[in-house]
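Each remark here refers to the structure printed beneath this line.
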Amino acid sequence: METGAEPPATPYPRGTPLTGDAAAQFTLRAVNAYGMGASIRDINGHTGRSFGAVRLSLLKAGVRLRGRGEARNGARPPVA
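Each residue of the sequence shown is one higher than the last, beginning at 119 in my numbering.
This is the structure we're talking about:
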């Protein structure tokens with residue numbers, strides 16, 4: 119990736135539910151990667167989770183998603 123953001127490195131198999139600590143860890147890592155400029159597609163491709171699962175995790179964590187084509191140049195504060 120050109121942004122230098124590191125999506126979560128551990129693959130989470132598609133179709134298997136994430137619960138408890140695994141879900142919390144995935145969400146934390148996805149939020150950090152997204153905040154550093156990774157796109158949802160970057161995170162999706164790197165983790166094996168669906169686009170929708172990554173997006174939903176970010177939304178549940180209170181992340182304000184970037185608009186289409188919006189610059190990926192830094193962290194965004196969570197929605198209050």
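In this text, a Cβ means the ideal position worked out from N, Cα and C, and glycines have one as well. Model, not experiment: these values are computed from the prediction.
According to DSSP, is serine 175 helix, strand or coil? On the sequence shown, residue 175 is found 57 positions in, with the first residue counted as 1. Three-state result, serine 175: helix.
Exercise. Look at the Cβ atom of alanine 140, then the Cβ atom of tyrosine 130, and state whether they are nearer than 9 Å.
Key: Counting from 1 along the sequence shown, the entry for residue 140 is found at position 22. Counting from 1 along the sequence shown, the entry for residue 130 is found at position 12. Result yes, Cβ atoms of alanine 140 and tyrosine 130 sit closer than 9 Å.
**Item:** Backbone CA spacing between glycine 155 and leucine 174 [nearest angstrom]
**Value:** Taking the first residue of the sequence shown as position 1, residue 155 is located at position 37. Taking the first residue of the sequence shown as position 1, residue 174 is located at position 56. Spanning the two alpha carbons is a distance of roughly 17 Å.
Would you kindly check if the distance between the Cβ of alanine 148 and the Cβ of isoleucine 161 is under 9 Å? Mapped onto the sequence shown, residue 161 falls at position 43. Mapped onto the sequence shown, residue 148 falls at position 30. Cβ atoms of isoleucine 161 and alanine 148: closer than 9 Å.
Euclidean distance between Cα positions of threonine 165 and threonine 134: Walking along the sequence shown from the start, residue 165 turns up at place 47. Walking along the sequence shown from the start, residue 134 turns up at place 16. In a straight line, the C-alpha of threonine 165 is about 12 Å away from that of threonine 134.
Residues in the same chain with beta-carbon distance under 8 Å from valine 172, minus the five sequence neighbours each way, listed in chain order, please. For the purposes of this step, residue 172 is taken as the residue at position 54 of the sequence shown. Same-chain partners within the cutoff: Ala148, Ile158, Ile161, Asn162, Thr165.
**Reference leucine 176; option with closest CA among Gly138, Thr137, Thr145** = Along the sequence shown, read from residue 1 onward, the residue named residue 176 stands at position 58. Per the Cα distances, Thr145.
(request) Would you mind sorting alanine 198 into buried or exposed? The rule is 16 or more other CB atoms within 10 Å of its CB. (result) The sequence position of residue 198 within the sequence shown is 80, counting from 1. Note that alanine 198 scores a pLDDT of 37, beneath 50, so its modelled location is shaky; the value from the coordinates is reported in the next line. Exposed, since its Cβ has fewer than 16 Cβ neighbours within 10 Å.
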